[in-house]
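There are 2 protein chains.
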Amino acid sequence: MQARVSFITLGVGDVARSRRFYEALGFTASPASQDAITFFDLGGIVLSLFGRAALAEDVGVPVSEPGFSGISLAHNVNSESEVDEVLREAVAAGAKLLKPGQKVFWGGYSGYFADPDGHLWEVAHNPFVSLDANGRIILEASAP
Amino acid sequence: MQARVSFITLGVGDVARSRRFYEALGFTASPASQDAITFFDLGGIVLSLFGRAALAEDVGVPVSEPGFSGISLAHNVNSESEVDEVLREAVAAGAKLLKPGQKVFWGGYSGYFADPDGHLWEVAHNPFVSLDANGRIILEASAP
Chain S
248 MQARVSFITL GVGDVARSRR FYEALGFTAS PASQDAITFF DLGGIVLSLF GRAALAEDVG
308 VPVSEPGFSG ISLAHNVNSE SEVDEVLREA VAAGAKLLKP GQKVFWGGYS GYFADPDGHL
368 WEVAHNPFVS LDANGRIILE ASAP
Chain L
248 MQARVSFITL GVGDVARSRR FYEALGFTAS PASQDAITFF DLGGIVLSLF GRAALAEDVG
308 VPVSEPGFSG ISLAHNVNSE SEVDEVLREA VAAGAKLLKP GQKVFWGGYS GYFADPDGHL
368 WEVAHNPFVS LDANGRIILE ASAP
């Protein structure tokens, strides 16, 4: 298996509500989106919003109450002030602020917000990793 | 906020065990990895393995029992037979097969496996999307 992820699918309670949230955050829905599923092209990888119960049914697992998903998505930016700015944008779009931007033990600066279904996003500045012109991570051996 | 994901972090019960699982699947751990965290460079995006309790603590949310995470990661390939092959590789590496490869309602062919902590991976062939030479998704307006 190649080391690749093609889609990240978030199970949500209301696809239209979640689509509005991510659009308010600045994401543009793909024309390939349908009522039951929204696609956001992240550049070679796709973020999908799909009904939580439908996703569980698709996988064939019981749909339990949302608890701690055990997964976070991080959005890295180039400065501490940009972390604060993105967190403010997220809250303005309807996110719940879980942790304001702050210096963290690994030497960076980060905060967390939850989307309308509680999916966890970290907004981080990591001085040990670089972002290329397209915002793609350049992971170096010296990164913590 | 730009439409980007920088890191996908999976909270796991035992970082070393999960690292061995993903290495057995064919992923190569970055030299930036440490005992407490493993990084896999997916090409501009990083898959991290981090302790589940440590991740919950980092976010500042209670660490509940793993239930349905509400998130799946998809690994798209170019043919139905490749789906079956990757599912076999995953099982050989210690994954639990949740759904064997099969034709699915949206016109493709897919199956699911769970990693040692229950994180959900779909292996899919979608005849409506293309993969570039690096395996990156090309999302077209006509994709379902």
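Protein sequences appear in the order of chains S and L. So for the first sequence, the numbering used here puts the first residue at 248; every next one is plus one. So for the second sequence, the numbering used here puts the first residue at 248; every next one is plus one. Glycine included, every Cβ here is placed at the ideal spot set by N, Cα and C. All of these numbers come straight from a predicted model, not from anything done at the bench.
By the neighbour-count definition (other C-beta atoms within 10 Å, threshold 16), GLU369(S) is a buried residue.
Each residue's CA atom was taken as its position, placing PHE352(S) and TRP353(L) some 44 Å apart.
When the beta-carbon positions are compared, GLU312(L) and GLY314(S) come within less than 8 Å of each other. Nearest neighbour of ASP379(L) by Cα position, chosen from SER328(L), ASN323(L) and ASP331(L), turns out to be ASN323(L). Distance from LYS346(S) to VAL310(L) at the Cβ level is roughly 15 Å; contact not present, criterion being Cβ atoms closer than 8 Å. Think of a sphere of 9 Å around the beta carbon of ARG383(S): the chain L residues whose beta carbon falls inside it are ARG251, SER253, GLY290, GLY291 and ILE292, in chain order. By the rule that beta-carbons nearer than 8 Å mark a contact, ARG264(L) does not touch chain S. If you compare the alpha carbons of PHE375(S), TYR269(S), ASN373(S) and LEU257(S) with that of GLY341(S), the shortest gap goes to TYR269(S). At the C-beta level, ILE255(L) and ILE318(S) come within 8 Å of one another. By the rule that beta-carbons nearer than 8 Å mark a contact, ARG267(L) does not touch chain S. Nearest to PHE287(S) by alpha-carbon distance, out of ALA276(S), GLU332(S) and GLU327(S), is ALA276(S). When DSSP reads this structure, ALA321(S) sits in a beta bridge with GLU369(S) and PHE254(L).
Counting other Cβ atoms within 10 Å of its Cβ, ASN325(S) stays below 16 and is therefore classed as exposed.
Judged by their CB atoms, LEU272(S) and ALA337(S) are nearer to each other than the 8 Å cut-off. About 24 Å separates the Cβ atoms of PHE360(S) and LEU386(S), ruling out a contact at the 8 Å cut-off.
Looking at the DSSP output, ILE384(L) shares a beta bridge with LEU378(L). Of GLY358(L), LEU320(L), ARG264(L) and PHE297(L), the smallest CA-CA separation from ASP331(L) is found for GLY358(L). Around SER316(S), the same chain offers GLY365, HIS366 and LEU367 as residues with beta carbons nearer than 8 Å, after the five sequence neighbours per side are excluded. For THR285(L), no Cβ of chain S is located within less than 8 Å of the residue's own Cβ. Interface flag for PHE360(L) against chain S is unset, since no Cβ pair is found closer than 8 Å.
In the three-state DSSP reduction, SER357(S) falls in the strand class (E or B). Put simply, the backbone Cα of ILE284(S) is about 10 Å away from that of VAL259(S).
In the structure shown, SER295(S) adopts extended strand secondary structure according to DSSP, grouped into three states. Between the alpha carbons of SER280(S) and VAL308(L) lies a distance of about 32 Å.
For PRO347(S), the closest Cβ of chain L is not nearer than 8 Å. Counted as a single uninterrupted DSSP element, the beta strand (DSSP E) harbouring ASP288(L) occupies residues 284-288. Pairing PRO363(S) with SER265(S) gives a Cβ-Cβ distance under 8 Å. Of PHE297(S), PHE274(S) and ILE292(S), the smallest CA-CA separation from ASP282(S) is found for PHE297(S).
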